[in-house]
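Working notes, beginning with the structure itself.
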């Protein structure tokens, strides 16, 4: 039955490497997974190695998809990358039809453990997330053109392009060299970046102050109006909403508009947080 | 034998001659340069659908200059679980956006339940699989709104005791569905070497009037002699000969050159396209001769 074959093949291709690769051992392994004697004989008619080639092909494809996205993190992880990637395949495997999304699945699987495990450099989760943004933001759906009437208004929300995110790291991983052989460590400094895809389709980022990040996060994620975002962010940060904050916010928003990341005022007015 | 009629893309241009699989490595060059002298470009929709940014925008521009044909990798036509509805809707939108006159995918499975394996895995040549794949093809055609074409794959091991030979497996699925055949001549050659059969007899046993497109590519060899469908080298002479032999019998079916690994400069790939064009013309000359004598 096809379902028995699918399950056996998935385990053979993604599971722990078989202890023995000779035909008899692999036949016994297949028998334990419910493959009939006549099917086993056909599958192994040309030797077990020919069946196990599929394991190599599947794992290479998935590994390459991740390595291309997070090469610097993988290089810093060394052997740990191979171990964690194998564990990802065994325990979870890919659930997406899109190879570009496999890295996100892998990071979701490993991130928590990397942050908790003292043997892993403490900045790896941040660096891997940062590296993966290039493909993630670069391929997010949606473009957008500035609204015809785009003047910002305190009582209205702000519309950003869809390919924009605010990310927060415990380490300044964005300052590291792009070299895959560089093993230097980033500064341990809380970092907030506005990451977006430019009209030229390049993934770019802008480092934000804590207050600017708090305001933008509210505008971007909470879809509130500008007044609420300013008041709420200032309240949280314990700073007065004064002329300096207003001028600084206007500068940041103007900069983002020039970069093509901010499209203008939201069409409908928004009252507070939604 | 009836020649396969020339099909039209949604751009109302006849599709024949030699096309090229579009790859990101030379997309910029194709986009920015003069016409590259291919009759169509083939794209894998999974690489472009449900995404924004540069690549979909680039395809939008290419669409105005080249006929585009979609060729998928992840439908998993032979799997027990059908593709998710949302995926099918996204795929349909992408095929419509690109204006492909048909969509093709492989006669294989690429998933096991929720797990996606991202490799073309062989099916057991069984009656049960004939029925399931034929039914799946009908449902997929309905969902996509374009004709489906089924591509034969390369294989390195069997998926179980065959209840029929591979060519009969393909024939029966086509008989029980309205799908077309995307005949990968390199895959036939690779399998003929790996499983020791005559590739011409294999092709002759297929319903060639159902062939809507032909693929050719290069392959690699392991130390053991096993051939692997790498798409990582030039198309070898025996495959070009097999292509000519096939075209002599199908008539002017569009032929696609695939290259996915060790991709050379575009200029080098286009020389290979020209070589295939010459083979194409030679074969069509013989096809016309055969027609003239009623073969």
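Protein chains in written order, with this note's numbering: chain S, 1 to 274; chain Y, 1001 to 1295.
We put the beta carbon where it would ideally sit given N, CA and C, even for glycine.
### Query
At which residue ranges does the stretch 151-207 of chain S contain complete beta strand (DSSP E) runs of 3 or more residues, listed in the order of the chain?
156-160, 164-169, 191-197, 203-207
### Task
Within the same chain, show all residues whose beta-carbon is closer than 7 Å to that of residue 1239 of chain Y, passing over the 5 residues directly before and after it, in chain order.
As a first step, residue 1239 of chain Y must be located in the second chain, where it is residue number 239. Answer for residue 1239 of chain Y: 1185, 1186, 1189, 1216, listed in chain order.
### Query
residue 1280 of chain Y versus chain S: which residues are under 7 Å apart at the beta carbon?
Counted from its first residue, the second chain places residue 1280 of chain Y at position 280. Correct list: empty, because the minimum Cβ distance to chain S is about 31 Å.
### Task
Check whether the Cβ of residue 65 of chain S lies closer than 9 Å to any Cβ atom in chain Y.
As a first step, residue 65 of chain S is located in the first chain; it is residue number 65 there, counting from the start. Yes, residue 65 of chain S counts as interfacial toward chain Y.
### Message
Measuring alpha carbon to alpha carbon, tell me which residue in S/30, S/226, S/241 is nearest residue 156 of chain S.
### Response
Start at 1 with the first residue of the first chain, and residue 156 of chain S comes out as number 156. Among S/30, S/226, S/241, the Cα nearest to that of residue 156 of chain S is on S/226.
### Proximity test, Cβ basis, 9 Å: residue 78 of chain S and chain Y
Residue mapping note: residue 78 of chain S aligns to position 78 of the first chain, counting from 1. No, residue 78 of chain S does not count as interfacial toward chain Y.
### Contacts that residue 1116 of chain Y makes with chain S (C-beta to C-beta distance below 7 Å)
Counting from one through the second chain, the residue named residue 1116 of chain Y turns up at place 116. Within chain S, the residues near residue 1116 of chain Y are 94, 95, 96, 97.
### Task
Taking C-beta pairs closer than 7 Å, name the residues in chain S that residue 1157 of chain Y reaches, listed in chain order.
Stepping through the second chain from its first residue, residue 1157 of chain Y is reached at position 157. Ordered by position in chain S, the residues that pass the 7 Å Cβ test against residue 1157 of chain Y are 43, 46, 50, 51.
### Task
Please go through the stretch 1095-1175 of chain Y and give each complete alpha helix (DSSP H) segment of 4 or more residues, from N-terminal end onward.
1127-1144, 1166-1175
### Query
Would you call the CB atoms of residue 15 of chain S and residue 62 of chain S closer than 9 Å?
Numbered from 1 along the first chain, position 15 holds the residue referred to as residue 15 of chain S. Numbered from 1 along the first chain, position 62 holds the residue referred to as residue 62 of chain S. No; because the gap between Cβ atoms is not below 9 Å, this pair is not in contact.
### Query
Which residues, taken in chain order from the stretch 1125-1146 of chain Y, show a beta carbon closer than 9 Å to some beta carbon of chain S?
1126, 1128, 1129, 1132
### Message
Classify residue 1020 of chain Y: buried if its beta carbon has 16 or more other beta carbons within 10 angstroms, exposed otherwise.
### Response
Along the second chain, one-based indexing puts residue 1020 of chain Y at 20. Residue 1020 of chain Y is buried by the Cβ-count criterion.
### Reference residue 262 of chain S; option with closest CA among S/22, S/195, S/57
Position 262 of the first chain holds residue 262 of chain S. Ranking the options by Cα distance to residue 262 of chain S, first place goes to S/195.
### Query
For chain S, is any of its Cβ atoms less than 9 Å away from the one on residue 1169 of chain Y?
Along the second chain, read from residue 1 onward, the residue named residue 1169 of chain Y stands at position 169. With 9 Å as the cut-off, residue 1169 of chain Y does not count as an interface residue toward chain S.
### Closest Cα partner of residue 1281 of chain Y within the set Y/1245, Y/1265, Y/1270
Counted from its first residue, the second chain places residue 1281 of chain Y at position 281. Its Cα nearest to that of residue 1281 of chain Y, the residue Y/1245 stands out among Y/1245, Y/1265, Y/1270.
### Message
So, for residue 1222 of chain Y: in the same chain, excluding its five sequence neighbours on each side, which residues have a beta-carbon less than 8 Å away from its beta-carbon?
### Response
Here the question's residue 1222 of chain Y lines up with position 222 in the second chain. Around residue 1222 of chain Y: 1228.
### Task
Would you tell me roughly how many angstroms separate the C-alpha atoms of residue 135 of chain S and residue 141 of chain S, rounded to the nearest one?
Position 135 of the first chain, counting from 1, holds the residue named residue 135 of chain S. Position 141 of the first chain, counting from 1, holds the residue named residue 141 of chain S. Computed Cα separation, rounded: 12 Å.
### Every unbroken alpha helix (DSSP H) inside the stretch 1011-1048 of chain Y [4 residues or more]
1024-1032
### Message
Between the alpha carbons of residue 1148 of chain Y and residue 1050 of chain Y, how many angstroms are there, rounded?
### Response
Within the second chain, residue 1148 of chain Y is the residue found at index 148, counting from 1. Within the second chain, residue 1050 of chain Y is the residue found at index 50, counting from 1. In a straight line, the C-alpha of residue 1148 of chain Y is about 21 Å away from that of residue 1050 of chain Y.
### Query
Hey, residue 1062 of chain Y and residue 1031 of chain Y are a contact pair by Cβ (cut 8 Å); roughly how many whole angstroms apart?
Numbered from 1 along the second chain, position 62 holds the residue referred to as residue 1062 of chain Y. Numbered from 1 along the second chain, position 31 holds the residue referred to as residue 1031 of chain Y. Confirmed, about 6 Å.
### Task
Quick one: list the residues of chain Y neighbouring residue 61 of chain S, beta-carbon separation under 8 Å, in chain order.
On the first chain, position 61 is the one that residue 61 of chain S refers to. Those within 8 Å of residue 61 of chain S in chain Y are 1118, 1119.
### Task
Tell me whether residue 1132 of chain Y is buried or exposed, calling it buried when 16 or more other Cβ atoms sit within 10 Å of its Cβ.
The residue you call residue 1132 of chain Y lines up with position 132 of the second chain. By the 10 Å Cβ count, residue 1132 of chain Y comes out buried.
### Message
Taking CB distances under 9 Å as the criterion, tell me whether residue 1194 of chain Y reaches chain S.
### Response
Here residue 1194 of chain Y refers to the residue found at position 194 when the second chain is read from its first residue. Closer than 9 Å: yes.
### Query
Which residues in the same chain as residue 65 of chain S place their Cβ atom closer than 6 Å to its Cβ, once the five residues preceding and following it in sequence are excluded?
By 1-based counting over the first chain, the position of residue 65 of chain S is 65. So the qualifying residues of the chain are 99, 102.
### Task
Could you check what DSSP says for residue 1267 of chain Y in three-state terms: helix, strand or coil?
Within the second chain, numbered from 1, the residue matching residue 1267 of chain Y stands at position 267. In this structure, residue 1267 of chain Y counts as helix in the three-state DSSP scheme.
#### Entry: Per-residue DSSP class, three states only, for residue 1291 of chain Y
Taking the first residue of the second chain as 1, we reach residue 1291 of chain Y at position 291. It is helical.
#### Entry: Secondary structure of residue 297 of chain S, DSSP reduced to three states
Past the boundaries of the shown model lies residue 297 of chain S; chain S is included only from 1 to 274, so the question cannot be answered.
### Query
For residue 1221 of chain Y, which beta-bridge partners are listed by DSSP?
Within the second chain, residue 1221 of chain Y is the residue found at index 221, counting from 1. Answer by DSSP bridge pairing, in chain order: Y/1227.
### Task
Indicate the three-state DSSP secondary structure (helix, strand or coil) for residue 255 of chain S in the structure shown.
One-based indexing of the first chain puts residue 255 of chain S at position 255. If DSSP states are grouped into helix, strand and coil, residue 255 of chain S belongs with the helices.
### Query
Shorter than 9 Å from the beta carbon of residue 133 of chain S to some beta carbon of chain Y?
The sequence position of residue 133 of chain S within the first chain is 133, counting from 1. Not closer than 9 Å to any Cβ of chain Y, the Cβ of residue 133 of chain S fails to qualify, so no.
### Message
Less than 9 Å between the beta carbons of residue 1276 of chain Y and residue 1242 of chain Y, yes or no?
### Response
Reading the second chain from its first residue, position 276 is the one you call residue 1276 of chain Y. Reading the second chain from its first residue, position 242 is the one you call residue 1242 of chain Y. With a cutoff of 9 Å on beta-carbon distance, residue 1276 of chain Y and residue 1242 of chain Y are scored as not near each other.
### Query
Since residue 1298 of chain Y is in the beta strand (DSSP E), which residue starts that stretch and which ends it?
It is not possible to answer for residue 1298 of chain Y, since the shown part of chain Y is limited to 1001 through 1295.
### Task
Name the residue from Y/1071, Y/1164, Y/1237 whose alpha carbon lies nearest to the alpha carbon of residue 1151 of chain Y.
On the second chain, residue 1151 of chain Y is found 151 positions in, with the first residue counted as 1. Of Y/1071, Y/1164, Y/1237, the smallest CA-CA separation from residue 1151 of chain Y is found for Y/1071.
### Query
How big is the Cα-Cα spacing for residue 211 of chain S and residue 237 of chain S?
Residue 211 of chain S sits at position 211 when you count from the first residue of the first chain. Residue 237 of chain S sits at position 237 when you count from the first residue of the first chain. Their Cα atoms are separated by approximately 7 Å.
### Task
Write down the C-beta distance between residue 166 of chain S and residue 217 of chain S rounded to the nearest angstrom, noting that I regard them as a contact closer than 8 Å.
Stepping through the first chain from its first residue, residue 166 of chain S is reached at position 166. Stepping through the first chain from its first residue, residue 217 of chain S is reached at position 217. Sure, about 5 Å apart at Cβ, within 8 Å.
### Query
Which runs of the alpha helix (DSSP H) fall wholly inside the stretch 1049-1078 of chain Y and span at least 4 residues, in chain order?
Runs of the alpha helix (DSSP H) lying entirely within the stretch 1049-1078 of chain Y and spanning at least 4 residues, in chain order: 1054-1063.
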